[in-house]
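These notes concern the structure reproduced below.
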Amino acid sequence: MATGSATARGQGQARRAANSKAVAAAARAGFVARGVIYVLIGVLSVRIAFFGGGEQADRGGAIAEIAQKPFGTVLLWLLGIALAGMSLWRLSEAAFGQAGPDGDKPGKRAMAAGRCVFYGFVSYSVLSYAAGDKGSGSGSSDKNSQDVTAKALDWPGGQWIVGIVGAAVTAAGLWIAARAVMRKFEKRLKMQEMSPKTRQVVTFLGVFGGTARGIVFATAGGFAIAAAVQHKPGKAKGMDDTLRTFADTPAGPWLLTVIAIGLIAFGVFSWANARWRKV
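Throughout, this note's numbering is defined as the position within the sequence shown, counted from one, plus 115.
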């Protein structure tokens, strides 16, 4: 009995540590950084839609855009540190559970662990670029996708592997879009602390932005499936080429513009998360 009580106290202390003000601040800084990246990707996409050009509408393009600004290196350091904070928060969720009644579910923890790795990688890329490694973080997402796909296709069963990964990315994109439309994000936000007008705006940003983000992911996954079926790594596309594909549809640059505005909306929604997310 005493052992059980000690274990419970230990778990409670660990959970309080995970929910400390420092971790909460790290999470909120991470949401600000994520918002900056998505807003810049959206802005770059609008430029491409109407003016073309060789700018990359992906994370690398966003990093390069920041680097060109006054005090760009300082801003990149701040961005990278903030993204490391996001990774730390996701690690705490994986270890101790997420906020909310179902935060201890294994699936939730596994997703948090995956996000921890992802944001850790993004943070490393940004910080490496800030430290002078210009080949890190700013590389073309399209070339990286094609290089990885080409290597995977050469493995035994490589077509199946690439196809399964593509299907998983497509499913994740559809899942992201569906959850946005169903407004699942509302239960993770302190909606009661918002004014009615603010709540309406945040809900719109979450639905519109999340749907656009999900469509981009699902489309990129579709290209990976095509690369697997046709055994052509060149069919795989990163975010930049995926976004440019929308401009090649009959809707022309207007469809890309809608998606781009949606990504900007998701960036602003990320800033709303920095203010009202339950962490």
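Idealized CB from N, CA, C, for every residue including glycine. Everything numeric in this text was worked out from a predicted model, so none of it was measured.
C-alpha gap between residue i and residue j, whole angstroms
{"i": "K450", "j": "R143", "result": "Since the first residue shown for the chain is 116 and the last is 394, residue 450 is missing from the structure and cannot be characterised."}
{"i": "S237", "j": "I181", "result": "In the sequence as displayed, the identity of residue 237 is Val instead of Ser. About 15 Å."}
{"i": "M306", "j": "R314", "result": "6 Å"}
{"i": "S385", "j": "W275", "result": "35 Å"}
{"i": "P311", "j": "P365", "result": "39 Å"}
{"i": "V344", "j": "T334", "result": "15 Å"}
{"i": "S160", "j": "L304", "result": "29 Å"}
{"i": "D219", "j": "V284", "result": "25 Å"}
{"i": "V189", "j": "P271", "result": "45 Å"}
{"i": "S260", "j": "K184", "result": "28 Å"}
{"i": "G125", "j": "R294", "result": "Caution applies to G125, whose pLDDT of 47 falls short of 50 and renders its modelled position unreliable; the value that the coordinates give is listed next. Distance between the alpha carbons of G125 and R294: 35 Å."}
{"i": "A141", "j": "V394", "result": "10 Å"}
{"i": "A179", "j": "E170", "result": "9 Å"}
{"i": "A375", "j": "S207", "result": "32 Å"}
{"i": "W369", "j": "P348", "result": "28 Å"}
{"i": "A389", "j": "V138", "result": "13 Å"}
Selection from the options that minimises the alpha carbon distance to residue i
{"i": "G382", "options": "Q345, Q171, L320, H346", "result": "L320"}
{"i": "V280", "options": "A342, F165, L304", "result": "A342"}
{"i": "R205", "options": "P221, G229, G187", "result": "G229"}
{"i": "T372", "options": "A286, V147, G157, A199", "result": "G157"}
{"i": "V79", "options": "W290, P368, A380", "result": "Nothing can be reported for residue 79: it is not among the residues displayed for the chain, which extend from 116 to 394."}
{"i": "H346", "options": "A227, V232, F166, A265", "result": "A265"}
{"i": "R224", "options": "Q213, A179, F361", "result": "Q213"}
{"i": "F361", "options": "M297, L289, A164, C231", "result": "A164"}
{"i": "G337", "options": "A389, D248, A172, L358", "result": "L358"}
{"i": "Y234", "options": "R174, A282, R162", "result": "R174"}
{"i": "G353", "options": "G222, A172, I374", "result": "A172"}
{"i": "R298", "options": "T318, V263, D262", "result": "T318"}
Residue(s) in a DSSP beta bridge with residue i
{"i": "L194", "result": "L194 pairs with nothing; no bridge assigned."}
{"i": "R392", "result": "L304"}
Test item: CB-CB of residue i and residue j under 8 Å
{"i": "A267", "j": "V277", "result": "yes"}
{"i": "L378", "j": "A327", "result": "yes"}
{"i": "F146", "j": "R392", "result": "yes"}
{"i": "L203", "j": "V241", "result": "no"}
{"i": "A287", "j": "F332", "result": "yes"}
{"i": "G325", "j": "F300", "result": "yes"}
{"i": "D355", "j": "G200", "result": "no"}
{"i": "A245", "j": "A227", "result": "no"}
**Item:** Three or more C-beta pairs below 8 Å linking the region 145-157 and the region 189-200
**Value:** In short, these stretches touch, since the Cβ pair count reaches three.
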